[in-house]
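Asks: I am attaching a structure below and will ask some questions about it afterwards.
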Amino acid sequence: MDGRRRNPYELTEETPVYVISVAAQLSGLHPQTLRQYDRLGLVSPDRTAGRGRRYSARDIELLRTVQQLSQDEGINLAGIKRIIELENQVAALQSRVAELESALDGAAAAMQQREAAVHASYRRDLVPYQEVQQTSALVVWRPKRQQD
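Residue numbers (UniProt numbering): 1 to 148.
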C-alpha cells in the first residue's frame, strides 16, 4: 500500500458491489455459470456476512475474459484456470521486481552519497611525486671474509 489512508467510501475496481444477478447481466453470462466458475475457482467473488456473492468490476472483467477464452479460443476451464494463475503470478513477480528496483535505486543513491562524503573528506595537501626509475642492474652481495 502507498501509506495514505483510504476513504472507506471510495469505490475502486476491486470494491465488491455487484450481486450475482447484476454481475451475470454485466458479463453476459447466466447466474448459474457464475456459480460454477466460483466453485471451480476461476472467479472468486467476495462474500457478505450472509454468504452472498459480491462481484467487483475486476471480477466482471475476469468473467468476460473467461468467456472469451472458452468460447472464442476453445480453451477448457482447467486450462483457463491455469492461465489465470500464471497471469496472477506474472503480475506478482512484476510487482516484486518493481519493489526490488526501487530498493536498488535507493541503495545506489545512498552509496553515491557516502562515496561523495568520503571524497569530500580527503585532505587537499600537496604531496610531491617522484617517478622511480627502474634499472636492470644486478647487484651481488658477498659478506666480508674474516682474516685470521
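For each residue, glycine too, the CB sits at the ideal point set by N, CA and C.
#1: With the cut-off set at 7 Å, would you say I60 and S27 are in Cβ contact?
#2: Since V90 is in the alpha helix (DSSP H), which residue starts that stretch and which ends it?
#3: In chain order, which beta strand (DSSP E) runs of at least 3 residues are fully inside the UniProt domain "HTH merR-type" (17 to 86)?
#4: Excluding the 5 residues preceding and the 5 following L40 in the sequence, name in chain order all residues of the same chain whose CB lies nearer than 7 Å to its CB.
#5: For the putative contact between L63 and V43, defined by C-beta atoms under 8 Å, what is the C-beta separation to the nearest angstrom?
#6: Report all residues from its chain with a CB closer than 7 Å to the CB of A57; omit the five preceding and five following residues, and keep chain order.
Replies: Based on what the coordinates show:
#1: Walking along the sequence shown from the start, residue 60 turns up at place 60. Walking along the sequence shown from the start, residue 27 turns up at place 27. The answer is yes: Cβ separation under 7 Å.
#2: Along the sequence shown, one-based indexing puts residue 90 at 90. Note, V90: alpha helix (DSSP H), 77 to 120.
#3: none
#4: Position 40 of the sequence shown, counting from 1, holds the residue named residue 40. These residues qualify, in order along the chain: L77, K81.
#5: For this step, residue 63 is matched to residue 63 along the sequence shown. For this step, residue 43 is matched to residue 43 along the sequence shown. With 8 Å as the limit, L63 and V43 qualify as a contact, their Cβ atoms being about 6 Å apart.
#6: In the sequence shown, counting from the first residue as 1, residue 57 sits at position 57. Contacts found: E13.
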